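So the sequence shown is numbered by the working numbering: it starts at 944 and just counts up by one.
We put the CB at the ideal spot given by N, CA and C, even for glycine.
This one's a predicted model, so the numbers in the text were calculated from it and none came from an experiment.
Read through the structure below, which is laid out as structure tokens, and then see the notes.
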Amino acid sequence: MTENNAQPIDTTTKPVQALLVVDMQSAFVSGDGAVPEAARVLDRTIDLITRARAAGALVIQLQNDGEPGSVDEPGTPGWQIHLPVDADRGETVLRKTIDDGFEETGLGELLADAGVRDLAICGVQSEMCVLATARTALDLDFRVVMPHDAHATYDIPAAEGISDAVPAAMVSRVAEWALGDEVEIVARAQDVDFTKP
């Protein structure tokens, strides 16, 4: 135990059989509209995808279909998946219209058909689509590992009479905390190991 009675972080974790990459779309990770930690989350996500592929784990990317006029409106440059998808390896892109990547997408069936029970989740935005997808995965009794350095979001602007601005890093940490003790938070993406389903 440390001096303040906090538990030390355990960096060892059982391998996962799948990687869910949430909304790594150009609008959110490139250009002026990118999340503040876009370079970090891109670097960590590329590492996770590379190692998942090498181990034969399932890689699934979620793609949000935004409303007309939004930065992720289907068909716009910002809507495009930013990282390559290897269709020859059976990688899949599932489009969604709400935060939860399981709702009306077939994600649950895809994971079940592949025999996946353990998965890692990364991407954007921490408190929205990443959190909603992780929550449903936990509710469906999947084991969920979330690497702290492989998800990100935006600052929350100040709201007069309510709060000062909330930095993006704090928002991401609160999203992890909101998942309770069911989720396995690891400090670094490199601490996630992969295996075949």
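Asked, Found
"For A1121, three-class secondary structure by DSSP", "helix"
"For R1038 and Q1006, believed in contact at Cβ under 8 Å, the rounded distance", "5 Å"
"Those runs of the beta strand (DSSP E) which lie wholly inside the segment 961-998 and span at least 3 residues", "961-965"
"Per-residue DSSP class, three states only, for N948", "With a pLDDT of only 43 at N948, under 50, the local geometry of the prediction cannot be trusted, and no value is derived from it."
"Close Cβ partners of G1009 (< 6 Å) along its chain, the five nearest in sequence each way excluded", "D1015, E1016"
"Cβ-Cβ distance between E1127 and V1087 below 8 Å", "yes"
"Distance, A1108 Cα to Q950 Cα", "Only weak support exists for where Q950 lies, its pLDDT of 39 falling under 50; the value from the coordinates is given anyway. Rounded to whole angstroms, Q950 to A1108 spans 29 Å at the Cα level."
"Three-state class that DSSP yields for T956 in the structure shown", "coil"
"H1094, DSSP secondary structure in three states", "strand"
"T1035, enclosing beta strand (DSSP E) - first and last residue", "1035-1039"
"Inter-residue spacing [alpha-carbon to alpha-carbon] between S1115 and V1059", "26 Å"
"Buried or exposed by the 16-neighbour rule on C-beta atoms within 10 Å, applied to V1036", "exposed"
"Of the residues M967, W1022, L1074, the one placed nearest P1011, counting alpha carbons only", "W1022"
"Exposure label - P1090; buried when at least 16 CB within 10 Å", "buried"
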